[in-house]
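Novice: Sharing a structure with you now.
Number of protein chains: 2
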Amino acid sequence: MKERVTKLDINTPILDLNDRLAAENRALCDEHGVFVLDLMASPGAGKTSTILATIDMLRDRYRIAVIEGDIASSVDADKIKAHGIPAVQINTGGACHLEAAMVRRALETLDLAELDLIILENVGNLVCPTEFDLGEDAKVMILSIPEGDDKALKYPHIFQISEAIILNKYDTISVFDFDEGAFDEAIARLNPKAPVFRMAATKPVAQDSGIAAWTAWLEERVKQKGIAQ
Amino acid sequence: MKERVTKLDINTPILDLNDRLAAENRALCDEHGVFVLDLMASPGAGKTSTILATIDMLRDRYRIAVIEGDIASSVDADKIKAHGIPAVQINTGGACHLEAAMVRRALETLDLAELDLIILENVGNLVCPTEFDLGEDAKVMILSIPEGDDKALKYPHIFQISEAIILNKYDTISVFDFDEGAFDEAIARLNPKAPVFRMAATKPVAQDSGIAAWTAWLEERVKQKGIAQ
Chain A
1 MKERVTKLDI NTPILDLNDR LAAENRALCD EHGVFVLDLM ASPGAGKTST ILATIDMLRD
61 RYRIAVIEGD IASSVDADKI KAHGIPAVQI NTGGACHLEA AMVRRALETL DLAELDLIIL
121 ENVGNLVCPT EFDLGEDAKV MILSIPEGDD KALKYPHIFQ ISEAIILNKY DTISVFDFDE
181 GAFDEAIARL NPKAPVFRMA ATKPVAQDSG IAAWTAWLEE RVKQKGIAQ
Chain B
1001 MKERVTKLDI NTPILDLNDR LAAENRALCD EHGVFVLDLM ASPGAGKTST ILATIDMLRD
1061 RYRIAVIEGD IASSVDADKI KAHGIPAVQI NTGGACHLEA AMVRRALETL DLAELDLIIL
1121 ENVGNLVCPT EFDLGEDAKV MILSIPEGDD KALKYPHIFQ ISEAIILNKY DTISVFDFDE
1181 GAFDEAIARL NPKAPVFRMA ATKPVAQDSG IAAWTAWLEE RVKQKGIAQ
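Protein chains in written order, with the numbering used here: chain A, 1 to 229; chain B, 1001 to 1229.
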């Protein structure tokens, strides 16, 4: 058990520094009237697809930018840029999560006066991103159907700290052994206030994809911050 | 960049301690003629299903135990025990990976003289488990089709350090937009020696599930260690 105690001792000053930088990020974005969403999920749950679908729904009304966090590559930022939206790629090297300092450097490359909404795509991970305040206004998570209904039991913290939960790849539910009753029960216990959006981010909005319900919620949150369309 | 340097400084002694304990775990398992497999993957990629399928294929010839690493719950260990195999559940609290010290405590609860093969199910994560030697004989990873072909580009390290790669949920490939050519190309570049097993861990072996090819490889590795059937 010795090394776990050591870890706690050394993480404390890092988290203190992170919290200070996160507060500064938050103040900076508040000042410019920018809403910041931190989107968290496992690798391959559909974070980038969800961001692309969200952009399509909201780009007429809000000026959007995306900050992409990945261990390596610029695959995701390239996809966002191809969509005609400013995107900053952060390569974390080995780090399994974004930190406030990384977000700060990305914010410095954006013209905040020309933005209303920034979406942070965190590194694919259900554990590490939960510990780090980035200065966001809301943390939202995605679970995808193929991952299984038991993930809320096995990774409870991320389900507890998310303001909303997207249940993505919902169109594939017939292919997988996903117990919706067990999932709903776990969410009702862990985070009863969180809305759950059943969604298929890669499907056209018209096909009852659930995208409109999700973006309506997000838009409401953006408005709560006093950001006009 | 300041806090990243701080992090490196403090992780070094932890990793040194981990490496020492991992070497001791390895010596202990060598002494008892036990092969140790560290199985890594994202949440929901099919680690537990793969372990259950592996048990079914090898339990007639080898005495098997499983050590389960999870943030919380004993869902997985319960499934393994229901299969009639000894299972030890490690709850890591917040930690996003197993460490050698945790594995040591689990090994101490098992009768190593009565075992040939121990499978460690690491915490669902493509990043953190790569940094920690647990004393295993082989690290193997699972990627599942729904996660997408670009994961090798985005999480290269885990693909590089794995001796073999299981491409699971292969039966669902028609449902997802998974570019096999791009995936194979990435593996050929990152880790050309690693065999890739296309598999459907939850499907019966008879249905060309790929399980037999995977367990034949594992059996070969166990035999290389001089462990008789």
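Beta carbons: idealized from backbone N, C-alpha and C, even for Gly. Just so it is clear, the structure is predicted and the values come from calculations on it, not from any experiment.
Quick one: residues in its chain with C-beta nearer than 8 Å to the C-beta of Ser49 of chain A, no 5 flanking neighbours on either side, listed in chain order?
Specialist: Asn168, Ala201, Thr202
Novice: Going by DSSP, what residue range makes up the alpha helix (DSSP H) through Val1066 of chain B?
Specialist: Careful: Val1066 of chain B lies outside any alpha helix (DSSP H), inside the beta strand (DSSP E) at 1064-1070.
Novice: Who are the near neighbours of Ile211 of chain A in its chain, counting only those whose CB is closer than 7 Å to its CB and skipping five residues on each side?
Specialist: Ala53, Met57, Met199, Ala201, Val205
Novice: How is the alpha helix (DSSP H) around Arg1104 of chain B delimited, first residue to last?
Specialist: 1100-1108
Novice: Check Arg1189 of chain B in the structure and name its three-state DSSP category.
Specialist: helix
Novice: Residues of the region 1070-1088 of chain B in Cβ contact with chain A at a cutoff of 9 Å, in chain order, please.
Specialist: Asp1070, Ile1071, Ala1072, Ser1073, Val1075, Asp1076
Novice: If Val1175 of chain B and Ile1187 of chain B are in contact, beta carbons under 8 Å, what's the gap, nearest whole angstrom?
Specialist: Val1175 of chain B to Ile1187 of chain B, Cβ: 22 Å. No contact.
Novice: Taking only the alpha-carbon atoms, compute the straight-line gap between Gly46 of chain A and Leu1015 of chain B and give it to the nearest angstrom.
Specialist: Whole-angstrom Cα-Cα distance: 33 Å.
Novice: Would a check of beta-carbon distances place Cys29 of chain A closer than 8 Å to chain B?
Specialist: no
Novice: Between Asp1137 of chain B and chain A, is there a C-beta pair that is closer than 8 Å?
Specialist: no
Novice: Cβ of Leu120 of chain A less than 8 Å from any chain B Cβ?
Specialist: no
Novice: In the DSSP output, what is Lys81 of chain A paired with across the bridge?
Specialist: Answer is none; Lys81 of chain A lacks a bridge partner.
Novice: Going along chain B in order, which residues have a C-beta closer than 7 Å to the C-beta of Pro146 of chain A?
Specialist: Gly1044, Ser1144, Pro1146, Lys1169
Novice: Is the region 1151-1165 of chain B in contact with the region 1067-1084 of chain B, if contact means three or more CB pairs nearer than 8 Å?
Specialist: no
Novice: Which residue's Cα is closest to the Cα of Glu147 of chain A: A:Tyr170, A:Asp38, A:Gln160?
Specialist: A:Tyr170
Novice: Is there contact between the region 1126-1135 of chain B and the region 88-102 of chain A, where contact requires at least three CB pairs shorter than 8 Å?
Specialist: yes
Novice: DSSP state of Lys203 of chain A, grouped into three classes?
Specialist: coil
Novice: Nearest to Gln1160 of chain B by alpha carbon, out of B:Val1123, B:Val1034, B:Lys1193?
Specialist: B:Lys1193
Novice: Determine, using beta carbons only, whether Leu37 of chain A and Val123 of chain A come nearer to each other than 8 Å.
Specialist: no
Novice: Please identify, using Cβ separations under 9 Å, the residues of the region 123-135 of chain A that lie next to chain B, in order along the chain.
Specialist: Val123, Gly124, Asn125, Leu126, Val127, Cys128, Thr130, Glu131
Novice: Buried or exposed, going by whether 16 or more other CB atoms sit within 10 Å of the CB of Thr1215 of chain B?
Specialist: buried
Novice: Taking 7 Å as the limit between beta carbons, can you name the residues of its chain near Arg1026 of chain B, skipping five residues before and five after?
Specialist: Same-chain partners within the cutoff: Gly1135.
Novice: Span of the alpha helix (DSSP H) holding Lys47 of chain A?
Specialist: 47-58
Novice: Are the CB atoms of Gly1075 of chain B and Asp150 of chain A nearer to each other than 8 Å?
Specialist: As written in the sequence, residue 1075 of chain B is Val, which differs from the Gly given in the question. Yes; because the gap between Cβ atoms is below 8 Å, this pair is in contact.
Novice: With Ala1065 of chain B and Leu1098 of chain B assumed to form a contact (beta carbons below 8 Å), what rounded beta-carbon distance in angstroms separates them?
Specialist: Between Leu1098 of chain B and Ala1065 of chain B the Cβ distance is about 15 Å, and since that is not below 8 Å, they are no contact.
Novice: Taking beta-carbon pairs under 9 Å, can you tell me which members of the region 1165-1190 of chain B lie near chain A?
Specialist: Lys1169, Asp1171, Thr1172, Val1175, Phe1176, Asp1177
Novice: Could you confirm whether any beta carbon from chain B is found closer than 8 Å to the beta carbon of Leu98 of chain A?
Specialist: no
Novice: State the Cα-Cα distance for the pair Asn18 of chain A and Ala41 of chain A, rounded to the nearest angstrom.
Specialist: 21 Å
Novice: Which one of B:Ala1077, B:Tyr1062, B:Ile1142 has the shortest CA to CA distance from Glu1163 of chain B?
Specialist: B:Ile1142
Novice: Can you tell me which of B:Gln1089, B:Ser1144, B:Glu1131 puts its alpha carbon nearest to the alpha carbon of Ile1119 of chain B?
Specialist: B:Gln1089
Novice: Between the region 1153-1165 of chain B and chain A, which residues of the former have CB atoms less than 8 Å from a CB of the latter, in chain order?
Specialist: Leu1153, Lys1154, Tyr1155, Pro1156, His1157
Novice: Quick check on Val140 of chain A: does DSSP put it in helix, strand or coil?
Specialist: strand
Novice: Pick out whichever of A:Val34, A:Gly181, A:Phe132, A:Val222 has its Cα sitting closest to the Cα of Ala101 of chain A.
Specialist: A:Phe132
Novice: Residues of chain B with a CB under 9 Å from the CB of Asp38 of chain A: which are they?
Specialist: By Cβ distance, chain B contributes nothing, its closest Cβ being about 17 Å from Asp38 of chain A, past 9 Å.
Novice: Whole angstroms are fine: how far does the CA of Asp1030 of chain B sit from the CA of Glu1114 of chain B?
Specialist: 13 Å
Novice: Answer yes or no: does any C-beta atom of chain A fall closer than 8 Å to that of Lys1151 of chain B?
Specialist: yes
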